Structures are given as C-alpha cells and as structure tokens.
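Chemist:
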Amino acid sequence: MLGKNFEPASFEMRWYKAQEDAGFFRPEAAAKDAKPFTIVIPPPNVTGRLHVGHALGRTLEDVLCRWRRMQGRAVLWVPGVDHAGIATQMVVERDLKERTGKSRHDIGREAFLVLCREWAGARRGDILNQIRRLGSSCDFSRVYYTLDEPRSKAVRHVFTTLYHEGLAYRAERMVNWCPSCATVLSDLEVNHVESSGHLYSIAYPLEGAPGELVVATTRPETMLGDTALAVHPDDERYAGLDGKRVKLPLTGRTIPVISDSFVDRQFGTGVVKVTPAHDPNDFEAGKRNGLESIVVIGFDGKMTAAAGAAYAGLDRFEARKKVLRDLDAEGLRRGEKSHVIPLARCQRCDTVVEPLVSLQWFVKAAPLAARAVAATDAGEPRFVPELWKKTYDEWMRNIRDWCVSRQLWWGHEIPAWYCPDGHVTVPKPGAGDPVACATCAAGNLVRDPDVFDTWFSSWLMPLSVLGWPEKTPDFERFYPTSVLVTGFDILFFWVARMIMAGTTFDGRAPFADVVLHGLVRDEKGQKMSKTKGNVVDPLEMCDEFGADAVRFTLAVLSGTGRDLPFGKTRVAGYRAFATKVWNAARFALQMLEDGDGGTSVPPHAIDFASLGTVDRWILARLSKATADVNAALEAYRFDEAANALYQFFWSDFCDGYVEMVKPALRGAEVPEGEKEKTRGVLTRVLLDSLALLHPFMPFVSCEIREALNGDGLRLAMTKFPEPNAEWKDDGATEVIVLLRAIVTRVRNLRAERGLPQTEVLRLGIELPAGPLSKEMRRLVPLLSHLARLSAVEISSSVNWPGAHRDVVADAGIVVQLPKQEISSEDEAKIRKEIEKLQAEAEKIRARLADSSFLARAPAAVVERTKQQLEELSERQKRLSGNLVETTGE
RNA sequence: GGGAGGUUAGCUCAGUGGUAGAGCGUCUGCUUUACACGCAGCAGGUCAUCGGUUCGAUCCCGAUACCUCCCACCA
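Numbering (the numbering used here), first residue to last: -2 to 886.
Structure follows, in structure tokens:
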C-alpha cells in the first residue's frame, strides 16, 4: 500500500541498493548472447563534488542504459574518476601550505606524491557515491581510475608508439607558460580574454644620425629583450633604413633595423620592435633573420638578470611601469592610446600567460586528425546534434601540435630518459625502462621529471577503460562503445582527441554516436558560479525533491538549445509529476481492492476487441505514447521522450481515462465482468507506464510497482514496452476526442454564462446517423456524468427553440440553458468571436477564389480548405443565431 | 579577424511549406471520497525587420538589426 504522502527520500536509496545488489548493473545480468550496449562515464575529477553538469550527463546516460537494459541488451556502463593532474596538485599544495606552512618543494617529490595519493584515495569514494545518489546504474565492479596500473600501461604504450612512429617529439618552442602554476599549458588550456590595455609609442634614436624611429607596443617591458626593429620592405616611409642601427633605450645596446614582410604597415607607426624570446611572431621573425634571442622574463614571471640590474627580479607588470617611467625620464615616450588586447589567461588560475621558449614534448596532431576526420566523415561517430560536426571539422582542419608535457609532479610520468650528453631514449612499446642510452650507450640515464597532460590519459578512455592494449575479454566484447554523452565544452579537449586516439591506435572510432548536451545554467539563464552564489547543488535537490524529479527535469531541459535553465521551481514542477504518478497509483490500488477485497491483479491477457470504447481508447493512446518514447530515445531526444510520457500520463491517463472510468468502476449497476476488464486495463496501463517511466524515474516506478504487484525490483529488468499494433482503434479515438471536446465546451459555456459548475443542463448533439453517432449514444451516461447533464439527445438535427447552439469538431451541439438572456458582456464576447470567424472565413474564401491556388495546390489541401470554410461558416451561423434569438433582433 | 548559433505567449523553450504549441506564471471558478505538488475553464503571439522563391512562408533563400558562444600569436 502506498502512503498518502509522496516521500521519495524514504525509498530511493533502498531501491538503488536493491538493484545494485541484485547485480542488474552488470552486463552479466543479460542473456549470454545479448547485444552489448556500452557507455564510458566521462570521469569527474577526484577533487570535485558532483555538479549539475555531471548530473545532466549521468542522467542522460542512465536513461539510455536503463532503457537498453530493459530491451535485453548487455549493458556495460563503466564509472570512473580522473586524477586531474593540475587541479589535484593545486588542492593538495594548498592544503599542505595551510596545515604545515610548507611548499611541495620543502617536502620533496616522493613525500608530496604520497599526499596526493592519500588525498585522491580519500575522495574517490565520495564522488562515486554521489553518482549513485542520482540513480546511475553503473557497473561499480569495473571502476576505473585514470592513474591506475592498466591506464598507466595504456599511456606508456601510446606515447612510446607515437615516439617511434615520429608522431611524438621533443622540441624547443614558444609555449604558453603559466608563471603561477609553473607549468606549460596546451593551447586549449589558455583562454583569450579581450581586455582594455594601452598601446604605447616609444622612440628609438637612430645611431650615428639625427632622428628616431617610433614603435608602438602593448608590452613595453619586453623591449629590454629587443634584438631588432622591423619595417616592411615596401614601406617608402622607412626606405633605406634596412641595415641601419638604432639605440635601444634603457640598455645601452644598439640593434639593427631589418625588413620583413610580416610587418603590417597599417598598424601603429609601421615599425615593430622584435623580441624573439617573448613573442611568438617575433620568435619566428628572429629565426628567419638570424636574430639573437634575449630572455628578459623568467619562468617565475620576474625579470631576469639579462633585463639589466635596474629591472632584474621585478615582477613583469612592475617592470612595465618602471620601463615607462624611465622612458619618460629620458624623454622617449611618444604618447599612448587605449587599445583592446586579447590577453591569454590560464584557464585554471586566470594568471596572464607568458609566451616563453621552452623544451617540451609534443604530439604531431595533423596525421591523427586526418584519420579522425576520415572516420567522422564516414559517420563514425555520428554527432548529435549534427551541427557540432562543423565545429569539430573546423578545429581539426586548423589543428596544431599538442604540447603534452607538464611541469607537475602529479600525473603519468613521461617514459623518456636522457643521458649526460642529452640524448633521448624512449623505450619501444612493451619494453621496460632503459638502462643505457639508445644513442651512445651511456649508463647513467635520468628520467624526464615531467608528467603528461591529464588529457593525455583521458583521450585513451574508451580504449584503456576496457583493458586495451591488452586484448581483454571486455575489450573484445564491449569496444567500440555505443555512445558518448558529454557537454560541448569539451569537444576539443576530449571528444576530438578520443576520436583521434581510437582511429589511430585501434583503427575504429571509440563510440558509435556522440551526444553533446548543453550547459546547465541557473533559472535565469545565468552561468552558475561561486562568486554569483547561484550554484545549484544537484545532491541537495535530490534530497529536497527526489532524484527522480531531478532526473526528469534534466531530461526535459536537455532538448533546449545550448543552455539549460535549471533551478528549484522547475524541479518542484516535475516533483509534482512524480506525485501525480504516486496518487494515480493510489487511486488504482483502491479500485483494485474494491474488486475482491485484496490487491490482486487481473490477468494481463487483454482481449482488445471485447473492451469498451474508453478502454480501447486508452490502450491506443498508450501504444502511441510507447512508440513515441521509443522513437525519441532512439534519436537521443530525451526531452521529447519525457514530454510524451508527461503528456500521456497526466492528460490522457489521469485527466482522461481515470475520470472516465470512475463511474464504470464504482457504478453499482455495472456488471462485475465489465469492471474486471476495466480493472485489467487500468492495471496494464499503469504497469506499462511505470516501465516507460523507469529509465527516467527509476525509484518511484519501483516503489509503486512493488505496491501494485509485489514485483518492484524486477522492473529494472522487465521488458521495455513496445507499441502494440493491435491496440489501434480510430473509431474509439474519434469518439473519445469528440466526447472530451464536448465536455470542455459545456463546462466552458457554464463558466461563460456564470452558471455554477453544478448546474445540470440538457444537451443535444447533432450528428449524422453512422458509427460515430452510434458510439456516442452508447457513451451518453459517461458524457452526462462528465458534463453534468440531465438529458442528452443525439440525432441528425435537434430543434430546441431558444437553446444555445454551437459546433464542436464536426458535431453541432445544442444546450438548453436555464437563463435565456445573456449579459452584454457575453454578447460582446460572442460578437468578437463571430468577427474572428468571419475574418478567418474571408481569408479562406479569397484563397478558394484564387484560380492559381485551385490549380496548383494539391487536391487534398483544397479539399481541406473547403471543409474548413464550411466549419467556420457553420459555427458562425450558429453563434449568430444565439444572438438573434436571445436579443430578439 | 574567422566560424557557429539564436531572435515564436509574461518567463523558459518545442515545432511545422497549408488556419501557431508545451511547461511554468497570470486570471476566473472549485474541500468533485487518488492527488491544492490538485481539478475545471479563460486570457495571452502581425512566430525580430526588410526583400525574394512559392498558389501559399513562422518554416526555404538573401540582406539588416540585436543577442550568445567558439576559435585566433599580429605588435
């Protein structure tokens, strides 16, 4: 029996545990020869707490997994956790500092790694339990961790393979350096933010001649490392300057003027200062022109000794101020103006990234991208929604090499060794650590102190999670995976790279489909952020409204564009739906009890043809809803599936069927056999609805089913409903639709005329003789009950003088109202309605008078248009009649 | 600078080449023995603007305006 109040917290976790304990979440629960369905969870960071973005992804994945599982597939949904290199290291470092005041350098690498391992170990279970709280049916016997042994093997295998194929290389390049994180970053980890800055004009006096060259720069502090000025070769303003020298202010050095076509003559003065050590453009220009490179900013973001004694040790931004002051003092400033500059900032700590030259490991991306694009062009994987393929293609086309080394301690160590002479030794795939240099056979090798970018383990995910490069049984059976569900924000970081890895190392795309969902925002559409204080905690929402409601809400919202406006009021709205389901079940239980004193369930076998109209109608609707839900899920339209369910259950089942069936179930005069049949249908519709609902609401569906037939647990493994071709009855549908429309019109009329809802009326329905009229006549008692009618007359024409006349669908209706006179207000309303109908009719008449319309439009459309006109005219005529008669005009 | 997307009811958004939809909200009635997290009903939209294609356009095409987002080493 279900309690009067719907309290999800009282049963949700109980059902989760029962399902997990029963082993349902393991693929072994399915038949041996079942077709696999595989999803790998995008691993949340160990340091993190589950946020709404995760909740969305896990919900959509769980809907798919539970749905496929009910269809009999061998579902493997692998959960996992990411070691999150830089994020974890920073958290542990901060914690260490707070506790002991020490830095990681104070305690050393080994001791620090111990702390990281402890930290991650302590956190790992939390995030997994948070995933459980949502109801996610992952196979927790197969949890992966991106820094565990199998994953390390895969990482090493991939890197060594790439190296020996010439696709991984070590090079000195200008890279993105974060002085605060003290590591290099890949291009993707840098955000370009437009910010207002200044463009400063600085004079460089000519050497050995009067005059000066004025350059415009946004970074005056780098001038200390200038090794040339550059002008465009075709710029007449500066013709003949090539080869001359200028004095570099503040340094005492002189530098040459060179010509190079990379200079934009339109920008600034057309003269560019060249700082090969601190600007990517200048780095290239320096190489082209054989210029010296002077490093004046160090990896700590402070000026180096090479910047001169006056500046050494100064922070780069302090140095900028001092350079400007000093230039002022020397009278070499030539003005400044505001200038919008795209500043590169560290994604993690927001520090301004410094372009610096450094020796790092890179992966040659173009060949990998080519393989990936070849696969996606062939539809492997398919993008959902498709438009993301464009973005992906665009990025792939312009892909640049991936810097994969990081100057961190926490992560996968790079399997590269160096001998005293600096030769690089990378073992062959599958080989152990080298003992001697591959080039010179020297013995004392030193391992590269750096670790890999976290994404360098993530991009192997579907492969490594299933045991690759070993040919494990799981890999053989479950790879490639079925679908990847994730946010579009990591399309490049992760999705694109996984496709590259899959197509390169295995030859197949790692998943058949990739579903990219939007980003969850707050209810007003604002981005959630701690500083704004608008962060919604999905776990708190689960506690307050139930995980079922949270999941349903996320599923419904997932269809909307790029943003999902999520918040309390919305979740509360869908909790109301869960409550509705709960109460409908309580009603059904009462009805079933009334039958023979216990909650026995009538046999499932339903003899469709022998059923009453209402029963046939709801089964037809159920079949349709079932088809819609299945089709929507096939297309990853979670919103459509959820809405179809919501609409069917609430409008058709509760508001329609249940209300129509009450008199039949309660009426003393109804034969027990009929009641029994209806109880059978009621039960069947409810059970099927629970099954349809289960992927979205895996808890309340079980709880109710348990009360209904004592078999709640098995719901997770019950066959997912299929549309039933036999449950189709257009006649029943037509008459019920008409009946409901008539009921609405009568109720509406009462409200319009200010009659109490309890006022009993007489109704005439004008229908031509035929099956519809016959069916309707059979439903008179039901109609009378629903619309509160004292008498109903059905015939091809009903002539009740003074009665109100109207049209509903194809039927004319005639209502005897107690008050003949209508208020002026109502009269105005009717007149307005008539005017609307007239205008509409005019438009249609014009269309029908148009010879080209008649000639070119399909016959069916013309026919329908004519019908429309008739209906409009009929309704207009009837409504007008009401006015004439009642006002005596 | 390059690219993608958006503009539909008060709000958040679906949607279709042939008389505009949902949820929430507003309003009006209702203790109708499953449910006020409810029932019943009403109201509310020249589908951003201007052109074009079409018998017909909210939907297709082009332009404009405004808004988002992504990518990008030009001082």
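Using N, Cα and C, we set each Cβ at its ideal position, and we do this for glycine too.
Small disclaimer: the values here were computed from a predicted structure and weren't measured.
(1) Could you spell out the range, first to last residue, of the alpha helix (DSSP H) harbouring Asn173?
(2) Give the straight-line distance between the Cα atoms of Glu520 and Val140, rounded to the nearest whole angstrom.
(3) For Leu786, which residues of its own chain have a beta-carbon under 8 Å away from its beta-carbon, when the five flanking residues on both sides are left out?
(4) In whole angstroms, what separates the C-alpha of Ala766 from that of Gly809?
(5) Looking at the secondary structure, which residues open and close the alpha helix (DSSP H) in which Phe472 lies?
(6) For my contact list, Arg575 and Val682 are in at a C-beta cut-off of 8 Å; report their separation, rounded to the angstrom.
(7) Quick check on this structure: which residue in Val254, Val777, Val858 has the alpha carbon closest to the alpha carbon of Glu209?
(8) With 16 other CB atoms within 10 Å as the buried threshold, where does Leu384 fall?
(9) Could you check whether Leu764 and Ile791 sit closer than 8 Å to each other, using their CB atoms as the reference points?
(10) Tell me which residue opens and which closes the beta strand (DSSP E) that Asn2 is part of.
(11) Relative to the C-alpha of Pro246, which candidate in Leu288, Lys319, Ser290, Cys178 has its C-alpha closest?
(12) Quick check: the Cα distance between Ala498 and Val492, rounded to an integer number of angstroms?
(13) Measure how close the beta-carbons of Asp887 and Leu460 come, nearest whole angstrom, since I'm counting them as under 8 Å.
(14) When DSSP labels each residue in this structure, what does Leu210 get in the three-state scheme?
(15) Just the C-alpha distance for Lys14 and Asp136, rounded to the nearest angstrom, thanks.
(16) Using only the alpha-carbon positions, how far apart do Cys175 and Pro477 sit?
(17) Run through the DSSP bridge pairs and tell me what Cys343 is partnered with.
(18) Straight-line CA distance for Pro695 to Thr85?
(19) For a test of the three-state rule: what should DSSP assign to Ser133, helix, strand or coil?
(20) Kindly identify the DSSP beta-bridge partner or partners of Gln813.
(21) Could you have a look at Glu867 and say whether DSSP puts it in helix, strand or coil?
(22) Tell me which same chain residues have a C-beta within less than 7 Å of the C-beta of Ser870, skipping the five on either side of it?
(23) Compute the distance between the beta-carbons of Leu783 and His801, then report whether it is under 8 Å.
(24) Once the 5 residues before and after Phe8 are set aside, which same chain residues still bring their CB inside 7 Å of it?
(25) Assign Leu554 to one of three DSSP states: helix, strand, or coil.
(26) Kindly indicate which three-state DSSP category Tyr13 falls into: helix, strand or coil?
(27) Rank Ala371, Phe542, Phe563 by C-alpha distance to the C-alpha of Leu551 and give the top, closest one.
(28) Helix, strand or coil for Gly595 per DSSP?
(29) Going by DSSP in three states, Thr158 sits in which element: helix, strand or coil?
(30) Could you check what DSSP says for Ala227 in three-state terms: helix, strand or coil?
(31) Are the beta-carbon atoms of Val482 and Leu57 separated by less than 8 Å?
(32) Please check the pair Leu226 and Val293, which I expect to be a contact at CB under 8 Å, by giving their CB distance rounded to whole angstroms.
(33) Ignore the nearest five residues each way along the sequence and tell me which others in Gly878's own chain have a CB closer than 8 Å to its CB.
(34) Which residue's Cα is closest to the Cα of Met714: Met10, Pro5, Ala27?
(35) Out of Ala302, Lys299, Val271, Gly298, which one is the CA nearest neighbour of Ile287?
(36) If you draw a straight line from the C-alpha of Phe850 to the C-alpha of Arg861, how long is it?
Modeler: The answer reads as follows:
(1) Membership of Asn173 in any alpha helix (DSSP H) is not indicated; the residue belongs instead to the beta strand (DSSP E) covering 165 to 175.
(2) 34 Å
(3) Val743, Val757, Leu758, Arg759, Leu760, Leu780
(4) 13 Å
(5) 470 to 475
(6) For the record, residue 575 in the displayed sequence is Ala; it is not Arg. At roughly 18 Å, the Cβ-Cβ gap does not stay under 8 Å, so Ala575 and Val682 are not in contact.
(7) Measuring from the Cα of Glu209, the nearest candidate turns out to be Val254.
(8) Exposed, since its Cβ has fewer than 16 Cβ neighbours within 10 Å.
(9) yes
(10) Taken as a continuous stretch (DSSP letters only), Asn2 belongs to no beta strand (DSSP E), as it is neither H nor E.
(11) Cα-wise, what sits closest to Pro246 is Lys319.
(12) 10 Å
(13) In the structure as shown, the chain begins at -2 and stops at 886. Residue 887 is therefore absent and cannot be evaluated.
(14) strand
(15) 13 Å
(16) 37 Å
(17) In DSSP, Cys343 forms a bridge with Val187.
(18) 34 Å
(19) For Ser133, the secondary structure class from DSSP, reduced to helix, strand or coil, is coil.
(20) Arg759
(21) Here Glu867 sits in helix by DSSP.
(22) Ala838
(23) no
(24) Phe696, Glu700
(25) helix
(26) In the structure shown, Tyr13 sits in a helix (DSSP, three-state: H, G or I).
(27) Distance from the Cα of Leu551 is smallest, within the candidate group Ala371, Phe542, Phe563, for Phe563.
(28) Residue placement at Gly595 is poorly supported in this model, since its pLDDT is 44, which falls under 50; the coordinates still yield a value, given next. Coil.
(29) helix
(30) Strand, per DSSP.
(31) yes
(32) Between Val293 and Leu226 the Cβ distance is about 17 Å, and since that is not below 8 Å, they are no contact.
(33) Arg802
(34) Considering only alpha carbons, the answer is Ala27.
(35) According to the sequence as given, residue 287 is Gly; it is not Ile. Checked all of Ala302, Lys299, Val271, Gly298; the closest Cα to Gly287 is Val271.
(36) 13 Å
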